[in-house]
Amino acid sequence: MPTSLTRDTLSVHAPSRSASVSTGPSRSTSISASRSASAAGSRSVSAARTEDGGSFTEEDKTILATALGIPLHLIGSANRHKGDLQDSYATYVMILEGDALRRRIHKTLPKKYTLNNIILLFMSTSAYYNNSNKIFSKLRHYPEMEEWLRNEEGAPSKMSVWGSQKPTFENLNQILDDRAARSQAGSSKEKKSSSSSHKGKKRKAEDEEKDRKKKSKSKDKEKKSSKDYTLNCYVSISDCTLQTSFVQEIFNTALWLSLLFFKGLANFRSLIWISLLFPMVSATSSESSFPDISFREFSQFIGNNFSKKISLATVLVVLLSTTCNSDLLNLHARQQNPELDNEKTQTISGWIKAFARALEERLGADSKRLFKKQELKSKIEDDQRWTLIGMKLNGLSKLIGMDPYYRDESGRIMCNPLKVISEKEIEPVHVICPISMHCLSAQCEKRALLLDSRDRDVPRVTLIKGTKFYPECHLLSGMCTNCGTRYYGDHESSASDKAGPKSRWYLNNAKYMKAGSNLWVDRVFSGAVVNGTYSFHASTSAYAEFFNDSFWNEQNTTVKKLSRRQVWHTFVQETLRQVAKSAHRVLELEDDLPIHKVTKEAYKILGENGIIRSAQNHYCSECTHDYKNTADVIITDHDPAGLLGETHNSAPVKMVVLDGIVMGPTHCAYDNCINELENARTGVFCRDHEISQGELCRMRECNNPKIHSSQTCAEHQNNWYRHIVRFGRQTLLGIRRMVRRSEEERLPWLPNLTRPVQLHDDETETSNTSRNNYFTAARFYCVETICAPCGVVLAWTKFDKSESPSKILNFLASVFPTESVRPNYICIDKACAVLRTAIANGSWDTWKKTTRFIVDSYHYINHRVQDWICRKWCNPAPFNGSAPNLVIVEHDNNGVPHYKRAFNTQACEQLNAWIGGFQTVLNKMTIGNFDWSLHALLFIHTQ
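Quick note: the sequence shown uses the working numbering, first residue 802, plus one each step.
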């Protein structure tokens, strides 16, 4: 590297005045010092990782520094020289040149290192993007300051560039901003005013003096060793070449041979001429600007060629259809301009006629407006009609300049194929404002709303409409002068009241919704977030990555990428409006609540303790059947047809299925406390128990204070150490699932169990033993769901510690409080245990009037053969006719009758298989977020 960081031996060769190093046309082809400092936050997240996702260790620092020729003692030197501008500038140049070299030798490196990895050799990425890169990129406005920063021989003195100011980043930034402003103002004034010619002469003289000084300095530089020039020449030349592997290798070989030939030369300009012999790449735009013609010319063309009654919509369809088909116009123009001897000129080609046919089909009845009145006097055939429309489209394309053929100054015909026409210049202006025309309060009598935003205070936000970003959209709000209610794009806020906090009403029909401090989204985008989460079991991080890779990367925009927090905010805002709209309610909460409190309060109001109100009174052929007094019978001796049971004019038979899935959020570890954790990431107690137990030893029955950097007192350090060794580096979710499955199913290929396991049909044992510590937060045992045999979810809840029959009975009583709403059959995997518990606690006297408990068909196989109560009362499909509404006769395709269960008893197992796809995402949420997310997903599943 041609740089060193100490000022005593500093020899900086800046790559250019603009402090940028270009590396050709590959992806991430240049490192520009004008990058936005606002992107530093997003870059710093991945700075400690390489491009292939690996960690950037101290060993990697040594390898990278050695490969780039950076002395190891300079690693981390930026922190030791913090505040020294000349050293900081030397580091900045070294980073740019190091990254240019990294791009050339990346194939020889053991890992895919990035620019951020090079930055970390010297400083943090935030310091680089917020200070060095942000400020030094402006040096083109003050070349004398750049010379002083390079600290070379003949550089200006400190007094000449700084005056009485101290050389700090803050002062440098102010000086460069002032210089830039004066330079811009001076150039504009010089063009407009002819009276300032004497100033121009003076400035010209100053420029000549500067050029003279630069020439003298360049002569001094030419006296330096050819080694430095060789290295700098290699950087400036090779960075402009193609980055493909084969061409790059050939180029490097040829370049080094040339450099060795000219090694004895000290003339830098000689080597620059060599670079002209090698292929160069220039970036060209893939789009063309929208046609720029006057409205007068356009309106004259429309009036002369189309009907006087043509509508504005039809004109816009014709214009935009023309600009959107540049490839077709290229094909049409090629046939109009033959280049070979055996080609014929076709004024109206088949391409333009096909375009005319498609346009006519699109316009339908309005296509008559494409013709003048006299053109329709006589009946014309289809081909003639398309030819006539094609002639007008051909003339329109020539008028708006969409013709790839043109004549140059010498009169020769030249061809420049049409590119895709950019519609950025005709993008509409989106203003986010209230959707109500007037105040909705009854006492205000539809009073008009006044603009509540002053011109200077109107916020500019980013809007995502569909998949497109629209930056700098104006955000307006209104206010009723009578009641003081403020109206926004997605909600309304009540006036300030000393008696209590302000209220916020979330509008169900809002067009746009706020999804971040500076981001708004439309309902198409928010609906896509909900549908993507539901259909693909996607987390917010996965959806944000998908959207950024699919749409953000394809747009030439300066807005930041979509974050997972913004996706989560969008999911919450959309789902609470969907649930509220289904309940015919408008959600009212306290104003300015953070998003985690919004989910908690929304579940209290709209969640209704897990009951899905939209599924109330649900009936379909899969979950309700006509009541029968007698069972269906298949007579095989005389008649192969089945004998159907006798129906009765009674209420239809209804069944629900209940089951649980082992999953749930964490809660307070203290005994019998299921409150939300104070710290969801590393905490184990709720807010109250964090105050009383947070500083004490985490072992039960120990009230000693814990020691520093540990969770136990000195006496119990061994317990904490064993916990760290056993659980510190493992993810227990998969292990727990395998253990629970093996315990419950007892599959033959699994090893024998060494401890007793409670089966579904066993009585729940109350254990007096528990954990002897509070090292980890407790977790809810399972999520219990009730659904219809068709799959419609009726209700859900969380069970802590166990899925006991008493908890199941309490859950059923809360969902079906009265006899009129209770189903005829409730299918549970442990129905016999629930039946015994109901008989024991007396609740069976209430349930037996309307309901029977049966075991689902899958678990009934594993129940005890000698359990007479289970076989007698919980059989899901008895063939003895004791339950005629559980078994029906069905005929196959050949007309042969067979018995079939009347209801799908595996509906909950199928539902749990779908819910399991969200388990890893939901288990990491807080209780409030878990409750709302699962409730919203089950609500969508029910629709």
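Ideal Cβ positions, reconstructed from N, Cα and C, are used throughout, including at glycine. Predicted model, so just to flag it, every value in this text is computed and none were measured.
With 16 other CB atoms within 10 Å as the buried threshold, where does residue i fall?
i	result
residue 1698	buried
residue 1728	buried
residue 1094	exposed
residue 1527	exposed
residue 1716	buried
residue 914	buried
residue 1385	exposed
residue 1732	buried
residue 1287	buried
residue 1534	A caution first: residue 1534 carries a pLDDT of 48, below 50, which makes its placement in the model unreliable, though a value can still be read off. Per the 10 Å Cβ criterion, exposed.
residue 1035	Unreliable positioning characterises residue 1035 in this predicted model, as indicated by a pLDDT of 34, which lies under 50. The coordinate reading is nonetheless provided below. With 16 or more other Cβ atoms within 10 Å, it is buried.
Just curious, the alpha helix (DSSP H) that residue i is in, first and last residue?
i	result
residue 1378	1365–1383
residue 1261	It is not in any alpha helix (DSSP H) - residue 1261 instead sits in the beta strand (DSSP E) that spans 1261–1266.
residue 1098	1096–1106
residue 1286	That residue, residue 1286, is in no alpha helix (DSSP H); it is neither H nor E in DSSP.
residue 1351	Note, residue 1351: premise wrong, no alpha helix (DSSP H); not H, not E.
residue 1360	Note, residue 1360: premise wrong, no alpha helix (DSSP H); not H, not E.
residue 1728	1728–1743
residue 1328	1324–1337
residue 890	886–905
residue 1389	From DSSP, residue 1389 is part of no alpha helix (DSSP H) but of the beta strand (DSSP E) over 1389–1391.
residue 1671	1669–1674
Would you report the Cα separation of residue i and residue j, rounded to the nearest angstrom?
i	j	result
residue 1425	residue 1456	7 Å
residue 1735	residue 1596	11 Å
residue 877	residue 948	25 Å
residue 1152	residue 1090	24 Å
residue 1400	residue 1373	7 Å
residue 1181	residue 1189	10 Å
residue 1099	residue 896	54 Å
residue 1428	residue 1454	5 Å
residue 1602	residue 1668	27 Å
residue 1394	residue 1304	10 Å
residue 1130	residue 1274	35 Å
residue 1616	residue 1512	42 Å
residue 1414	residue 1380	9 Å
residue 957	residue 886	15 Å
residue 1411	residue 1598	6 Å
residue 1265	residue 1371	11 Å
residue 1573	residue 1501	5 Å
residue 867	residue 903	11 Å
residue 1568	residue 1650	Bear in mind that the predicted position of residue 1568 carries a pLDDT of just 43, short of 50, making it unreliable; the figure below should be weighed with that in mind. For residue 1568 and residue 1650, the distance between alpha carbons rounds to 34 Å.
residue 1169	residue 1238	38 Å
residue 1473	residue 1489	13 Å
residue 1261	residue 1216	43 Å
Span of the beta strand (DSSP E) holding residue i?
i	result
residue 1456	1454–1462
residue 1690	1688–1692
residue 1273	1269–1276
residue 1584	1583–1588
residue 1756	Any question about residue 1756 goes unanswered here, given that the chain covers just 802 to 1744.
residue 1745	Examination of residue 1745 is not possible in this model, given that the chain is present from 802 through 1744 alone.
residue 1316	1313–1317
Whose C-beta lies closer than 7 Å to the C-beta of residue i among residues of the same chain, with five residues either side of it excluded?
i	result
residue 1608	1600
residue 1692	1698
residue 1745	Any property of residue 1745 remains undetermined from this structure, which presents the chain solely from 802 to 1744.
residue 942	977, 980, 981, 984
residue 1334	1344, 1372
Would you check whether the ligand FAD has a heavy atom nearer than 6 Å to the C-beta of residue i?
i	result
residue 1109	With respect to small molecules bound, the structure shown includes none, and the ligand FAD cannot be examined in it.
Ordered along the chain, which non-local residues of its own chain (more than five positions away) have a Cβ less than 6 Å from that of residue i?
i	result
residue 1626	1456, 1653, 1655
residue 1708	1458, 1588, 1590, 1592
residue 972	966
residue 1417	none
residue 1499	1512, 1513, 1574, 1575, 1576
residue 1722	1340
If you drop the 5 nearest sequence neighbours on each side, which residues of the same chain put their C-beta closer than 8 Å to that of residue i?
i	result
residue 1496	1506, 1507
Which complete alpha helix (DSSP H) runs does the region 1590–1667 hold, if anything under 4 residues is left out? Qualifying alpha helix (DSSP H) stretches, in chain order: 1606–1616, 1632–1642, 1645–1648, 1658–1661.
Which runs of the alpha helix (DSSP H), 4 residues or longer, sit entirely within the region 914–967? Whole alpha helix (DSSP H) segments, 4+ residues: 916–921, 934–937, 944–951, 959–963.
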